[in-house]
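Asks: Please read through the structure below; I'll follow up with questions.
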Amino acid sequence: MADKDLQQIDNLLLTLQDVLRVKFDLEKEIELLPENLKSQKEELAVANQKFLELNDKYLKAKEDAASNSIRYDEAFQTRTNAEKMMDSITTQREYEALSKQIEEAKIKENGLLRARNASTALVEQLKTQLDEQEAVCDAIKADVDAKNAEIDSIINEKKQQIAQLEEKCIEIKEQGISDEIYTKFCNIVKNKSGVGIVAIHGQVCQGCHMVLPVQFVNDVRMGNTTEYCPYCSRILYYEESEDSDIDYSAASYGDEGDEEALADVVDTGDFDDLL
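Using the UniProt record's numbering, the letters of the sequence shown map in sequence onto residues 1 to 275.
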């Protein structure tokens, strides 16, 4: 590959990188948008749980009120029947026994009347609380539904933007980036904070700021093949800088120590997953 061809690819990658950054930022925003509703959904869940608990209490109170009403009616009927029997008694002993029965019936009736009234009042109180809690649930749900709709609208808009950016990425790729490099580069940009191609200044990678072997730097500078930083996996290109005072002569190119050090790093395969 000629130096000019590789420089063209590097320029395409730099342009592609800008588009990918926007695309990945939009994807991240879509991922995070539902988090904005997390607190409201939790609030709705708590409100619904409170409504269910109140409803259970309300139904139990209604059962108790119905039971107390039946028991009161029975006690009332027992007392009135006993009082009617007073007209038919003939002895003092019967009178005393019936009077005692009537008195006991009155006591029971009065107790059941208080219980019935208390349970009826509780039913009314719980019904009011239940209605109020239902209104709270409805209000929170309406708010959640409205924000859900708003988020869905935002997501759809961002997805349209992403689709347009993906088309732009393909347009850039088709100008001279291979399928292999395109796939690797997209993954690197996504996993390396939006930076997939960086310059070498002197012997230093401007992505991870690690010092690179002279021979490897010379390979990048020659521009015959696409090279990846052995430390951070980013694609590299050489850029003249104030640090560019290294002797890239044939002698330095053949430095065996640098060659072995680079081989050790590359063999680790630490960044293979990114590619």
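Even glycine gets a Cβ: it sits at the ideal position worked out from N, Cα and C.
So, using beta-carbon positions, are Ile235 and Thr226 closer together than 8 Å?
Replies: yes
Asks: Alpha carbon to alpha carbon, how far is Gly202 from Gln215?
Replies: 12 Å
Asks: Would you mind stating whether Ile177 and Glu239 have Cβ atoms separated by less than 8 Å?
Replies: no
Asks: Which whole-angstrom value describes the C-beta separation of Gln40 and Val144, a residue pair presumed to lie in contact below a C-beta threshold of 8 Å?
Replies: 5 Å
Asks: How should Asp10 be labelled, buried or exposed, when 16 other C-beta atoms within 10 angstroms of its C-beta is the threshold for buried?
Replies: buried
Asks: How would you call Val46, buried or exposed, if buried means at least 16 neighbouring beta carbons within 10 angstroms?
Replies: exposed
Asks: Distance, Cα to Cα, Ser241 vs Val204?
Replies: The alpha-carbon atoms of Ser241 and Val204 are separated by roughly 11 Å.
Asks: Shortest alpha-carbon distance to Glu83 belongs to which of Pro213, Ala105 and Asp219?
Replies: Nearest option by C-alpha distance: Ala105.
Asks: Which residues in the same chain have their Cβ closer than 8 Å to the Cβ of Ile246, if we skip the five residues on either side of it in sequence?
Replies: Confidence in Ile246 is poor, its pLDDT being 49 and thus under 50, which makes the residue's placement unreliable; the coordinate value appears in the next sentence. Counting only Cβ-Cβ distances below 8 Å, and skipping sequence neighbours, we find Gly202, Gln203, Val214, Val217 and Ser252.
Asks: According to DSSP, what are the bridge partners of Cys205?
Replies: Ile200
Asks: Using beta-carbon positions only, say whether Tyr72 and Leu122 come within less than 8 Å of one another.
Replies: no
Asks: Mind reading off the beta-carbon distance from Cys137 to Leu44? Whole number of angstroms is fine, and I expect it under 8 Å.
Replies: 7 Å
Asks: Specify, as a first and last residue, the run of the alpha helix (DSSP H) that Tyr95 falls within.
Replies: Gln92 to Lys173
Asks: Rounding to the nearest angstrom, what Cα-Cα distance links Thr128 and Asn110 in this structure?
Replies: 27 Å
Asks: Could you give the first and the last residue of the continuous alpha helix (DSSP H) run that contains Ile70?
Replies: Lys38 to Met85
Asks: Work out the CA separation of Cys229 and Val195 for me, nearest whole Å.
Replies: 12 Å
Asks: Does the Cβ of Asn81 have 16 or more other Cβ atoms within 10 Å, making it buried, or fewer, making it exposed?
Replies: exposed
Asks: Report yes if the C-beta distance between Val220 and Tyr237 is below 8 Å; otherwise report no.
Replies: yes
Asks: Please go through the same chain and pick out, in chain order, the residues whose beta-carbon is closer than 7 Å to the beta-carbon of Leu20, but skip the five residues on each side of it.
Replies: So the qualifying residues of the chain are Cys169, Cys186 and Val189.
Asks: Grouping DSSP H, G and I as helix and E and B as strand, with all else coil, what is Tyr231?
Replies: Three-state DSSP puts Tyr231 in coil, outside helix and strand.
Asks: From the DSSP secondary-structure annotation, give me the bridge partner or partners of Tyr238.
Replies: Ile200
Asks: With contact counted as at least three CB pairs below 8 Å, one residue from each stretch, are the segment 58-72 and the segment 82-96 in contact?
Replies: no
Asks: Can you tell me whether DSSP reads Cys186 as helix, strand or coil?
Replies: helix
Asks: At what residues does the alpha helix (DSSP H) containing Asn218 begin and finish?
Replies: Val214 to Met222
Asks: Tell me whether Ala45, by its Cβ, gets closer than 7 Å to a heavy atom of the ligand GDP.
Replies: This structure lacks the ligand GDP; in fact it carries no ligand of any kind.
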